[in-house]
Amino acid sequence: MKSLPLHYQILIALILGTVLGFLFNPGEEPLVGLTLTVNPQDGGYKVVQQQAEQDPQTLEFSSKEALLKRYPELKKQFVAGDLEKSETFKVEGRMIHIVDSAREVHLTYTRTVDKKVTVTTYSAANGEKLVEKYPQWKTEFELFGNTISQKVMAISKWVGDLFLRLLKMVTIPLIVTSLITGIASLGNATRFGAMFSKTLLYYLSTSLLAIFTGIFVVNLIRPGIGAELPGGSGSLSSGQESISSIFIDMVDRLIPTNIIHSLGEGEFLSIISFSILSGIFIILVGGKHAKVLTDIFQAGFEVMMRMTMFIISLAPIGVLAFMIYAVSSQGIEIFKTLSWYMVAVLLALLIHAAVILPCLLKFVARRSPLEFARAMGPALMTAFSTASSNGTLPLTISCVEENAGVSNEVSSFVLPLGATINMDGTALYEAVAVLFIAQAYSGEVLPVQQQILVAITALLASIGAAGIPHAGLVMMAIVLQAVGLPLEAQGVIIAVDRVLDMCRTSVNVWSDSCGCAIIERYR
Numbered sequence: 004m005k006s007l008p009l010h011y012q013i014l015i016a017l018i019l020g021t022v023l024g025f026l027f028n029p030g031e032e033p034l035v036g037l038t039l040t041v042n043p044q045d046g047g048y049k050v051v052q053q054q055a056e057q058d059p060q061t062l063e064f065s066s067k068e069a070l071l072k073r074y075p076e077l078k079k080q081f082v083a084g085d086l087e088k089s090e091t092f093k094v095e096g097r098m099i100h101i102v103d104s105a106r107e108v109h110l111t112y113t114r115t116v117d118k119k120v121t122v123t124t125y126s127a128a129n130g131e132k133l134v135e136k137y138p139q140w141k142t143e144f145e146l147f148g149n150t151i152s153q154k155v156m157a158i159s160k161w162v163g164d165l166f167l168r169l170l171k172m173v174t175i176p177l178i179v180t181s182l183i184t185g186i187a188s189l190g191n192a193t194r195f196g197a198m199f200s201k202t203l204l205y206y207l208s209t210s211l212l213a214i215f216t217g218i219f220v221v222n223l224i225r226p227g228i229g230a231e232l233p234g235g236s237g238s239l240s241s242g243q244e245s246i247s248s249i250f251i252d253m254v255d256r257l258i259p260t261n262i263i264h265s266l267g268e269g270e271f272l273s274i275i276s277f278s279i280l281s282g283i284f285i286i287l288v289g290g291k292h293a294k295v296l297t298d299i300f301q302a303g304f305e306v307m308m309r310m311t312m313f314i315i316s317l318a319p320i321g322v323l324a325f326m327i328y329a330v331s332s333q334g335i336e337i338f339k340t341l342s343w344y345m346v347a348v349l350l351a352l353l354i355h356a357a358v359i360l361p362c363l364l365k366f367v368a369r370r371s372p373l374e375f376a377r378a379m380g381p382a383l384m385t386a387f388s389t390a391s392s393n394g395t396l397p398l399t400i401s402c403v404e405e406n407a408g409v410s411n412e413v414s415s416f417v418l419p420l421g422a423t424i425n426m427d428g429t430a431l432y433e434a435v436a437v438l439f440i441a442q443a444y445s446g447e448v449l450p451v452q453q454q455i456l457v458a459i460t461a462l463l464a465s466i467g468a469a470g471i472p473h474a475g476l477v478m479m480a481i482v483l484q485a486v487g488l489p490l491e492a493q494g495v496i497i498a499v500d501r502v503l504d505m506c507r508t509s510v511n512v513w514s515d516s517c518g519c520a521i522i523e524r525y526r
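Numbering (our numbering), first residue to last: 4 to 526.
Here it is, written out as structure tokens:
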């Protein structure tokens, strides 16, 4: 393996991890033989649940609504009126899928009622807390939560996380030293201003192109029409106030009150703004002091790059572990349930990554898209497996400079900035996901003005999104609130988020890399 180029090693790890992941994928377990005995009580209901040969469980519900939320299969029994006496029912068409990542357990519950599929995800720090928080799942977790598949998932996730922690360990010092060195080496503030304006224009343009590509595809496919999501149905609110609050918060985070705290907490917008200002004022001070500081940061950058290269040599191990976890943790049935949503996201990402960005490379940067993609192969595959653009940043810098021939002056400025504010894939994903939820929630396509609101909010939210796994889900809450959608509707798409996160992170890194090629040509 050591004699193979790194991108081949990572590719082999991707393929092997995928195969092993499928072998250890437990799939969804059918919940058969469930008998429910419902006893009406004053102001509520007591339910005795008997699963197969397990001991019965007794659950209490304060209202009819609470009972039906847990057991929608009983809805028919309430059509003609409430239950007046104790009755026993047989329940079928239920499946569970358990994912154990050592630090968190997810239990996905899929049920079919009147040919409609409903998916609910329950999460806790570990199996013990899951059972404590959701006692109704005690029997099922004891049956299916301690298998060899769960142990493989937990171990592979832990190994993958160790690799990601190593990458994150060098990310902040690499960002600080590379940005300050890159700006200070420009020699004058005018050259910095020119590079900054071109970089910002590129990031804004590609993010908007990505968002409108996503909106076009989701309106074409309409994956949410007819879908069932948590949160019911209703009308949408405008939520105009959200945009200004997002923008103000983003500007606030650009100005750290304590840079040491920002470094410790990994607040990348604050770190980048402080590093840029430090580089500018090194130029303005000039003389021997500027030379001393530039040499210090240049030395720090060289040390961090050497450490980075060592960590990168471990990438095949990390990629293998992440792929085993990602593939083994996904249930097949949930992909069927959300198939059209996934098609919409993946098609939009494919158009942006394989059509729009290569056209920019070909006609603006005057570079061969195929050759440039080959040069960026290790970074793109690592981004795919780790789902972290910040974690992949050290490898992205290495590939851009050593494989693609972009100067350190450009890469050290463009890539750290891009890893924080240029999230094409994330912005596209948030727009598609929110419009999908809106279609399922309202049963119709959003009006144009609200789609524009989604586009603007998704752009601002993507700028503020952290370059870590599942950060898009956190920022999506802002976009959902902007158009008045229920936050609980987001829960159903969590089950497939990891796969989509891997794809959109690769697009984020690909866009940053293409930006380097374009800025290199026009600097």
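The beta carbon of each residue, even a glycine, is placed where N, CA and C say it ideally should be.
Rounding to the nearest angstrom, what Cα-Cα distance links residue i and residue j in this structure?
i           : j           : result
residue 533 : residue 456 : No information on residue 533 is available, as it lies outside the stretch 4 to 526 that the chain covers here.
residue 502 : residue 264 : 33 Å
residue 123 : residue 111 : 6 Å
residue 183 : residue 69  : 57 Å
residue 227 : residue 483 : 15 Å
residue 148 : residue 130 : 8 Å
residue 27  : residue 388 : 17 Å
residue 288 : residue 518 : 30 Å
residue 40  : residue 113 : 21 Å
residue 169 : residue 177 : 13 Å
residue 140 : residue 268 : 36 Å
residue 277 : residue 262 : 8 Å
residue 202 : residue 417 : 7 Å
residue 1   : residue 142 : Since the displayed the chain opens at 4 and closes at 526, residue 1 lies outside it and no answer follows.
residue 18  : residue 382 : 16 Å
residue 126 : residue 132 : 9 Å
residue 134 : residue 24  : 26 Å
residue 330 : residue 283 : 46 Å
residue 54  : residue 48  : 19 Å
residue 90  : residue 46  : 17 Å
residue 409 : residue 208 : 21 Å
residue 440 : residue 305 : 47 Å
residue 8   : residue 14  : 10 Å
residue 145 : residue 95  : 20 Å
Which residue marks the beginning of the beta strand (DSSP E) containing residue i, and which one marks its end?
i           : result
residue 90  : 90 to 94
residue 258 : Careful: residue 258 lies outside any beta strand (DSSP E) and carries neither H nor E.
residue 47  : 47 to 54
residue 97  : 97 to 103
With distances taken between CB atoms, is the gap from residue i to residue j smaller than 8 Å?
i           : j           : result
residue 458 : residue 218 : yes
residue 10  : residue 394 : no
residue 499 : residue 392 : no
residue 428 : residue 325 : no
residue 425 : residue 210 : yes
residue 504 : residue 390 : yes
residue 462 : residue 430 : yes
residue 180 : residue 396 : no
residue 62  : residue 50  : yes
residue 159 : residue 327 : yes
residue 189 : residue 195 : yes
residue 368 : residue 406 : no
residue 319 : residue 12  : yes
residue 214 : residue 420 : no
I'd like the list of long-range same chain contacts for residue i, defined as Cβ closer than 8 Å, with 5 residues on each side in sequence excluded.
i           : result
residue 256 : 270, 272, 273, 467
residue 220 : 347, 350, 351, 354, 435
residue 237 : In this prediction, residue 237 has a pLDDT of 43, which is less than 50 and means its spatial position is unreliable; what the coordinates show is noted afterwards. Here the set comprises 444, 445.
Counting only the same chain and skipping the five closest in sequence on each side, list residues whose C-beta sits under 6 Å from that of residue i.
i           : result
residue 332 : 102, 156
residue 285 : 187, 293, 296
residue 541 : As shown, the chain starts at 4 and ends at 526. That puts residue 541 outside it, with no answer to give.
residue 321 : 163, 166
residue 359 : 212
residue 97  : 34, 114
residue 303 : 180
residue 92  : 39
Is residue i near the ligand FMN, going by C-beta to nearest heavy atom under 7 Å?
i           : result
residue 442 : Ligands are entirely absent from the displayed structure, and the ligand FMN is therefore not among its contents.
What span of residues does the alpha helix (DSSP H) with residue i cover, start to end?
i           : result
residue 132 : 130 to 136
residue 377 : 372 to 378
residue 507 : 500 to 525
residue 164 : 151 to 187
residue 365 : Segment: none, residue 365 is in no alpha helix (DSSP H) and carries neither H nor E.
residue 143 : 141 to 147
Between residue i and the rest of its own chain, which residues show a CB-CB distance below 7 Å, the 5 nearest in sequence each way excluded?
i           : result
residue 364 : 370, 372, 375, 517, 520
residue 413 : 519, 522, 523, 526
Checking contacts by CB at 8 Å: is residue i closer than that to chain C?
i           : result
residue 407 : Although the question refers to chain C, the structure presented lacks it and comprises just one protein chain.
Problem set entry | Every unbroken alpha helix (DSSP H) inside the segment 7 to 43 [4 residues or more] | Here the runs fully enclosed are 9 to 26.
For this session: Entirely within the segment 285 to 349 and at least 4 residues each: give me those alpha helix (DSSP H) ranges in chain order.
Result: For the alpha helix (DSSP H) assignment, the uninterrupted runs of no fewer than 4 residues enclosed by the segment 285 to 349 are, from N- to C-terminal side, 290 to 315, 318 to 331, 335 to 340.
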